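Position in the sequence shown counted from 1, then plus 6, gives you this note's numbering.
Below: one structure, written as structure tokens.
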Amino acid sequence: IVSSKKITRTLLLGNGKPAGKGMITIAAQELSDNRVITLSMAGRKLDKKDLFGKSDPFLEFHKPGDDGKWMLVHRTEVIKYTLDPVWKPFTVPLVSLCDGDVEKLIKVMCYDYDSDGGHDFIGEFQTSVARMCEAQDALPLELECINPKKQKKKKNYKNSGIIIVKSCKITRDFSFLDYILGGCQLMFTVGIDFTASNGNPREPSSLHYINPLGTNEYLSAIWAVGQIIQDYDSDKMFPALGFGAQLPPDWKVSHEFAINFNPTNPFCSGVEGIVQAYSACLPHIRFYGPTNFSPIINHVARFAAQAIQQEAAS
């Protein structure tokens, strides 16, 4: 898909035969613009399309493709039984809506929803992101929804309703790398669930069962996440905590304990240190419950607050 940018295929049934004349087209586009646009839309006095009730309107947003054809990029939810809909605010990547070009024309189409898929066309208009950004909370932008067929047939035709841009805001959707380059510091902490719901660690059905290859679901997760995160942690010393287990010697339940059994220094050296501490801890505790990991979250929050205070003091 990425190499060809665009592919079109025939829709097939489960038996491999064509599903009528249906086709599906998939277009790939590399996203390099991290801006997002949030739109809040409404309608007023839309045409009534249902014989025994009001319309069920929704909007579609289209942009021109490389081949000149309009490409659907977003569809709002359906608002039932109204000619004055108010749609929920939605956010889409700016590059998806207009290829990052705020002056590029986009087409907005309004339909009356039908459960059989034969949605009734109400009207449309063309605009640009730059135009929609003129909308403000106190001064919304109103755009006429036009049905070209009705416009040609009726001399006194005015419009098929008004589409209102209540607000339009463009913001940046910062990436993980943006935060790192901006000075964000990561401190990786592992919390491990030792509740009885995990099953007997000696049984293969348990998530804590260490198979002959020396791994299990928890170890796989620790390795997968830890190997990536550790490169963004300066000292590579990671607190590793457990919850939901009975601890020796009095076998009281704890929901916040260091898996290396050193409460004053729960840090492990690198991901390998976490794995070693986990493997050594497993035979010496009893799985219990309930599932309560809020003490670990509070532990990390306190640790982060202390780090901020130390940084401010220095």
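Yeah, the Cβ is synthetic: ideal placement off N, Cα and C, and Gly gets one too.
Given the structure is predicted, the values throughout are model-derived calculations rather than measurements.
Does the Cβ of V8 have 16 or more other Cβ atoms within 10 Å, making it buried, or fewer, making it exposed?
-> Here V8 scores only 46 on pLDDT, less than 50, and its place in the model should not be relied on; the value that follows carries that caveat. Exposed: under 16 other Cβ atoms inside 10 Å.
What is the rounded straight-line gap between the Cα of V196 and the Cα of R208?
-> Taking the straight line joining both Cα atoms gives about 23 Å.
What is the DSSP secondary structure of L45, reduced to helix, strand or coil?
-> Here L45 sits in strand by DSSP.
Which term fits Y87, buried or exposed, when burial requires 16 or more other beta carbons within 10 angstroms of its beta carbon?
-> In this structure Y87 is exposed. Its beta-carbon is surrounded by fewer than 16 other beta-carbon atoms within 10 angstroms.
Using three-state DSSP, classify H305 as helix, strand or coil.
-> H305 falls in the helix class under three-state DSSP.
Determine which residues share a DSSP beta bridge with Q132 and list them.
-> K113.
From D120 to G26, what distance separates their C-alpha atoms?
-> D120 and G26: Cα-Cα distance of roughly 20 Å.
Which listed residue (T270, A202, E278 and I43) has its alpha carbon closest to that of R292 | Nearest of T270, A202, E278 and I43 to R292, Cα basis: A202.
Quick one: what's A251 bridged to in DSSP?
-> Answer is S260 and F293.
Classify V231 as buried or exposed, calling it buried when 16 or more other Cβ atoms lie within 10 Å of its own Cβ.
-> The residue is exposed, with fewer than 16 neighbouring Cβ atoms inside 10 Å.
Could you give the C-beta distance for V42 and D179, rounded to a whole number, given that I count them as a contact under 8 Å?
-> V42 to D179, Cβ: 5 Å. Contact.
Would you grab the beta carbon distance between I169 and L100 for me? Rounded to a whole angstrom, and I think it's under 8 Å.
-> That pair is no contact at about 20 Å.
Just reading off the alpha helix (DSSP H) that W1 is part of, what are its end residues?
-> The question about residue 1 has no answer here: the residues shown for the chain are numbered 7 through 320.
Residues bridged to I168 (per DSSP) = DSSP output for I168 lists R50 and E150 as bridge partner(s).
Would you mind sorting S61 into buried or exposed? The rule is 16 or more other CB atoms within 10 Å of its CB.
-> By the C-beta density criterion, S61 is buried, having at least 16 other C-beta atoms within 10 angstroms.
Whether E66 touches M115 by CB criterion (7 Å) = Contact flag set, yes.
Between I234 and I280, is the Cβ-Cβ spacing less than 7 Å?
-> Not a contact, by the Cβ cut-off of 7 Å.
Classify K159 as buried or exposed, calling it buried when 16 or more other Cβ atoms lie within 10 Å of its own Cβ.
-> The residue is exposed, with fewer than 16 neighbouring Cβ atoms inside 10 Å.
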